[in-house]
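These protein sequence lines map, in sequence, to chains B and Y.
The opening residue of the first sequence carries number 1424 in the numbering used here; numbering runs sequentially from there.
The opening residue of the second sequence carries number 3 in the numbering used here; numbering runs sequentially from there.
Every residue gets a Cβ at the ideal spot worked out from N, C-alpha and C, and that includes glycine.
Model, not experiment: these values are computed from the prediction.
Here the structure comes first, spelled out in structure tokens, and everything after it is commentary.
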Amino acid sequence: MSTLLSFCQWLAETPFSIGIRESTYIYPIIESVHVLSLCIFVGLLLLWDLRLIGITLRRVAVSEVWARLIPWITMGAALMVVSGLLLFASDPVRFFGNVFFRVKAFGLFLALLNAIAFHLGIERKLVDWDTALVTPRAAKLAGAISIGLWAIIVVTGRFVAYNWFSPLV
Amino acid sequence: MEPLFQWFEHSWLGTSVNNSLWAFAAFEALHLLALAVIGGAVLVVDLRTLGWVFPRQRVNEIAAEARPWLIGSIIAMFLTGIPLLASLADSKYYFNEAFRLKMYFLFLALLFTFFVRQRIALGDEARANSMMAKAVAVVSVLLWSGVGIMGRGIGFY
């Protein structure tokens, strides 16, 4: 932990970090990009998760929903990651010490694990259920877990702005 | 108009949100979740109309799939947005330029979505694939982006 904290302290003193933190326009612009990319990333990922559960686009093959949505989801994810890293860089010590930020980071880690589990698990048998009217239970579970985790990530992300709890570092 | 905003802030709803430590933040977070849903529901139809996603499905099929999510998220936006507005109606939003612009964009986006875009997206395929339909999709994305950008702008103003 102390290594991470030292890194955050070092980053906070770089001209790059100070520049974003003290800018009039750069910070609001990055934050707006971060929030609006949510529409592209979470909004379209939701359609994919709902397809896995078997709620939306049931007449479109699962593989096709994936192939059509993934370029947009990837683009949205890239915007989220770049803008998110820049926001973090603007005030790393504060984010590092914020309890909601830590929950969010853990949520992101779990969402990644969920995606990997889906990829290594039920996705391997996709040919068997690609056009099935009812998706397998493992696929429904992966979709539902993803929706739940992303909801937690969005909510805790918003809560990072509140100082209800004293900083952890 | 200002007396209305004053009344709203001192109404039961406004005072309830203000007297709670977490209510504002909770409605704000739910508002943000609804934003993600509305974003997906709007984008998938406009991207389809532009031919950039699901080219093998008909526009009206995608629009029909997205419709309950669009309407549900708009309702969620109002249900979470109204308490947020009530809490600071007079002391913040009435004087906030970004909030005013957001309301203009919202009014236009709602009218455009349900009176112009819906007829094209849920209409016959020839019209849904016309140049006019593509222009409608671009206007739709711009109007809804205006709502979102101004919404974020409220906090910076």
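Using beta carbons (cut-off 8 Å, strictly below), is residue i in contact with chain Y?
{"i": "residue 1451 of chain B", "result": "yes"}
{"i": "residue 1444 of chain B", "result": "no"}
Does DSSP classify residue i as helix, strand or coil?
{"i": "residue 1484 of chain B", "result": "coil"}
{"i": "residue 1526 of chain B", "result": "helix"}
{"i": "residue 1553 of chain B", "result": "coil"}
{"i": "residue 136 of chain Y", "result": "helix"}
{"i": "residue 1559 of chain B", "result": "coil"}
{"i": "residue 1399 of chain B", "result": "One cannot answer for residue 1399 of chain B here, as it falls past the ends of chain B, which runs 1424 to 1592."}
{"i": "residue 106 of chain Y", "result": "helix"}
{"i": "residue 2 of chain Y", "result": "This structure cannot speak to residue 2 of chain Y, because chain Y is shown only from 3 to 159."}
{"i": "residue 125 of chain Y", "result": "coil"}
Leaving out five residues before and five after residue i in sequence, what residues of the same chain have Cβ atoms less than 8 Å from its Cβ?
{"i": "residue 95 of chain Y", "result": "7, 87, 101, 156"}
{"i": "residue 1440 of chain B", "result": "1434, 1512, 1513, 1514, 1515"}
Is the Cβ of residue i closer than 8 Å to any Cβ of chain B?
{"i": "residue 10 of chain Y", "result": "no"}
{"i": "residue 109 of chain Y", "result": "no"}
{"i": "residue 99 of chain Y", "result": "no"}
{"i": "residue 130 of chain Y", "result": "no"}
{"i": "residue 103 of chain Y", "result": "no"}
{"i": "residue 45 of chain Y", "result": "yes"}
{"i": "residue 27 of chain Y", "result": "yes"}
{"i": "residue 67 of chain Y", "result": "yes"}
{"i": "residue 55 of chain Y", "result": "yes"}
Just to confirm my understanding: we take residue i, look at its own chain, exclude 5 residues before and 5 after, and list those with CB closer than 6 Å. What are they?
{"i": "residue 1566 of chain B", "result": "1472, 1475, 1476"}
{"i": "residue 124 of chain Y", "result": "62, 65"}
Once the 5 residues before and after residue i are set aside, which same chain residues still bring their CB inside 7 Å of it?
{"i": "residue 153 of chain Y", "result": "104"}
{"i": "residue 1531 of chain B", "result": "1576"}
What are the residues in the stretch 1566-1592 of chain B lying within 7 Å of chain Y by C-beta distance?
1574, 1577, 1578, 1581, 1582, 1585
Give, in chain order, every residue of the stretch 138-155 of chain Y whose Cβ lies closer than 9 Å to some Cβ of chain B.
So the list reads 146, 147, 150, 151, 153, 154, 155, given in the order they occur along the chain.
What ranges does the alpha helix (DSSP H) occupy inside the stretch 13-78 of chain Y, keeping only unbroken runs of at least 4 residues that lie completely in it?
Every alpha helix (DSSP H) stretch that sits fully inside the stretch 13-78 of chain Y and reaches 4 residues is listed by chain position as 14-21, 25-51.
Would you list, in chain order, the members of the stretch 1456-1471 of chain B that have their beta-carbon closer than 7 Å to a beta-carbon of chain Y?
1458, 1459, 1461, 1462, 1463, 1465, 1466, 1467, 1469, 1470
Residues of the stretch 29-41 of chain Y whose Cβ lies closer than 7 Å to any Cβ of chain B, in chain order:
30, 31, 34, 35, 37, 38, 39, 41
Counting only Cβ-Cβ distances shorter than 8 Å, please list the residues of the stretch 1490-1503 of chain B near chain Y, keeping chain order.
If the cut-off is 8 Å between Cβ atoms, the stretch 1490-1503 of chain B has 1491, 1492, 1495 near chain Y.
If you measure beta-carbon to beta-carbon, which residues of the stretch 1473-1490 of chain B are closer than 9 Å to chain Y?
1473, 1479, 1480, 1481, 1482, 1483, 1487, 1488
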